[in-house]
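> My questions will all concern the structure given below.
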Amino acid sequence: IKIDKVGGLPTLGFADPNALVQGQRIVAVGGPVEGGAVTPGYVSAMHRVSSVRDPVNLGRTLQLSDTIQTNAVIDGGTSGGPLVNVGSQVVGVSMESTSAVSGVGLNVADIQDDVQQILQTGQVVVSSLGATTADVTSDSAVLSGVPEGSRLVALDKGGPAATGGLKVGDVITQLDDVKLDAAHPLSLLLRSRFHANQRVTVTYSRDGVSTQAELTLTSQHPTCA
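Positions 245 to 469 (my numbering) are the ones given, in order, by the sequence shown.
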């Protein structure tokens with residue numbers, strides 16, 4: 245939310261994303277219809293793949309990687325509010341989960357760069373392989389007999405992946421020296437570690453054979469659709 249012609253508003257700073265650990269005490273802050281809400285809880289788990297309710301397209305769900313799992317109750321009234329530590333620093337943003345088991349939060353590392361881009365340029369630009377992908381978790385990798393990583397499900401004509409020789413069905417397992425896993429999903433790496441026009445080495449698996457390709461990343465504007 246951008247507020248014009250108003251100054252002196254209090255703000256919260258970001259916590260060090262590397263300092264968040266399992267068992268840490270946090271608080272979910274929200275604004276339900278009845279008024280403000282503050283719900284205490286703990287970090288139950290880190291780097292989880294979670295399904296959450298799409299805040300833009302009602303009735304749809306989103307699958308997010310590298311989320312924070314908490315026992316703090318997060319519902320429609322709390323979703324979108326900050327998760328803060330005992331030092332009043334933002335460690336994440338709460339999201340309403342499709343599961344009744346736990347609450348879910350976006351890690352501050354996933355939103356920090358986007359916030360800075362919006363403040364500096366008014367928009368968000370992330371690097372892209374020119375492909376639509378689906379995460380292959382460690383569990384699904386065992387069941388399907390492919391390595392953990394990110395499977396290519398569609399390629400942009402003339403995009404980096406297509407011109408580099410990759411095909412639909414290939415599973416990307418590594419970018420440069422970073423292996424893809426629950427803590428380092430492809431979408432997060434493209435947002436936070438790499439940038440447009442950067443040359444990267446992509447390691448991928450096809451029919452059980454590991455191969456490498458040199459690609460130059462392009463840029464894209466992420467959408468909520």
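Virtual Cβ for every residue (Gly too), placed ideally from N, Cα, C.
Evaluate D189 with the Cβ neighbour count: other Cβ atoms within 10 Å of its Cβ, from every protein chain shown; 16 or more gives buried, anything less gives exposed.
Outside the shown range of the chain, which is 245 to 469, sits residue 189, and nothing can be said about it.
> In or out: Q360 buried (at least 16 other Cβ within 10 Å) or exposed?
Taking the first residue of the sequence shown as position 1, residue 360 is located at position 116. Q360 is exposed by the Cβ-count criterion.
> If you follow the beta strand (DSSP E) that S338 is in, where does it begin and where does it stop?
Position 94 of the sequence shown holds residue 338. That run of the beta strand (DSSP E) goes 334-339.
> Grouping DSSP H, G and I as helix and E and B as strand, with all else coil, what is P391?
Numbered from 1 along the sequence shown, position 147 holds the residue referred to as residue 391. Correct three-state label for P391: coil.
> Check whether the Cβ atoms of S338 and G274 sit closer than 8 angstroms, and answer yes or no.
As a working mapping, residue 338 is identified with position 94 in the sequence shown. As a working mapping, residue 274 is identified with position 30 in the sequence shown. Yes, the pair counts as a contact, with Cβ atoms nearer than the cut-off.
> Bridge partners of H428, per DSSP?
Position 184 of the sequence shown, counted from the first residue, corresponds to residue 428. D425, per the DSSP bridge assignment.
> If you draw a straight line from the C-alpha of G209 to the C-alpha of T462, how long is it?
Outside the displayed range of the chain (245 to 469) lies residue 209, so it cannot be described from this structure.
> Is it buried or exposed for S388, if we count other Cβ within 10 angstroms and need 16 for buried?
If you number the sequence shown from 1, residue 388 lands on position 144. S388 is exposed by the Cβ-count criterion.
> Please classify T255 as buried or exposed, where buried requires at least 16 neighbouring CB atoms within 10 angstroms.
Reading the sequence shown from its first residue, position 11 is the one you call residue 255. Answer is exposed; the Cβ neighbour count stays below 16.
> Rounded to the nearest angstrom, what separates D354 and G324 at their Cα positions?
The count along the sequence shown starts at 1 and reaches residue 354 at position 110. The count along the sequence shown starts at 1 and reaches residue 324 at position 80. Cα-Cα distance, rounded: 14 angstroms.
> According to DSSP, simplified to helix, strand and coil, what is V368?
As a working mapping, residue 368 is identified with position 124 in the sequence shown. Three-state DSSP puts V368 in coil, outside helix and strand.
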